[in-house]
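This report refers to the structure that appears directly beneath it.
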Amino acid sequence: MIALKYLQAYPATLQDKVRELIAQERLGEHLAKRYPGRHEVQSDRALYAYVASLKQQHLKNAPAIDKVLYDSKLDVLRNALGLHTAISRVQGGKLKAKKEIRVASLFKAAAPEFLQMIVVHELAHLKEIDHNKAFYQLCQYMLPDYHQREFDLRVYLTWRELPSTINVNHRE
């Protein structure tokens with residue numbers, strides 16, 4: 001049986017459906033049908049503008065974001081698809097915090113829906129630090145189908161790690 005490390009928290013019935021698609025060598029095809037497009041947000045500057053636009057649309061009163069970038073060092077294996085940090089520095093007797101959002105570089109080639117889900121997740125951390133009920137309510141406020149996209153993103157990550165003989169025909 002194939003271990004589905006990104007889907008371990010989901011019910012066995014969902015995991016079995018994913019395993020069935022893998023066994024039929026149709027998981028890549030399934031994902032391509034659901035998410036056929038690729039976004040055009042390729043540079044750090046474009047990513048900053050994209051994040052700023054979503055922030056302005058949903059979280060006008062949240063703290064400003066100082067830096068947004070794609071990060072090739074984020075470790076997807078430890079569930080770091082994106083990262084929200086606040087770096088505090090003393091400047092002239094005052095404590096200043098700079099907010100940063102980093103998105104794993106592998107999402108440069110992903111569907112726009114996956115990039116949006118990652119950005120919404122990181123933006124929600126501006127208001128809610130912990131992954132609690134209020135955090136997920138905020139994610140759903142910004143992206144009503146947040147939970148479905150998170151599941152599909154985890155399926156996508158599972159597909160990316162399949163041996164190349166299974167997904168060679170569907171690689172981006």
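Residue numbers are given in our numbering: position 139 of the sequence shown equals residue 139, and the series is strictly consecutive.
Even glycine gets a Cβ: it sits at the ideal position worked out from N, Cα and C.
Just so you know, these numbers come straight off a predicted model, no measurement behind them.
In angstroms, rounded to a whole number, what distance separates the CA positions of residue i and residue j?
i      : j      : result
Tyr35  : Glu113 : 8 Å
Tyr136 : His121 : 8 Å
Ile65  : Tyr48  : 9 Å
Gln8   : Ala124 : 24 Å
Shorter than 7 Å, the distance from the beta carbon of residue i to the closest heavy atom of the ligand MN, or not?
i    : result
Leu7 : The ligand MN is absent from the structure shown, which contains no ligands of any kind.
I'd like to know whether the C-beta atoms of residue i and residue j end up nearer to each other than 8 Å.
i      : j      : result
Gln116 : Leu143 : yes
Leu126 : Leu21  : no
Ala109 : Arg38  : yes
Val119 : Tyr50  : yes
Arg26  : Ile2   : no
Mark residue i as exposed unless 16 or more other C-beta atoms lie within 10 angstroms of its C-beta, in which case mark it buried.
i      : result
Arg149 : buried
Legend entry - Three or more C-beta pairs below 8 Å linking the stretch 96-106 and the stretch 67-75: yes
Inset, instruction - Flag this pair as touching only if the stretch 137-157 and the stretch 21-38 have three or more C-beta atom pairs under 8 Å; answer yes or no. - result: Counting Cβ pairs under 8 Å, three or more are found: they touch.
Legend entry - Within the stretch 122-172, ranges of the alpha helix (DSSP H) (whole runs, at least 4 residues): 133-142, 146-160, 164-167
Legend entry - Inside the stretch 43-75 only - beta strand (DSSP E) runs reaching at least 3 residues: 67-71
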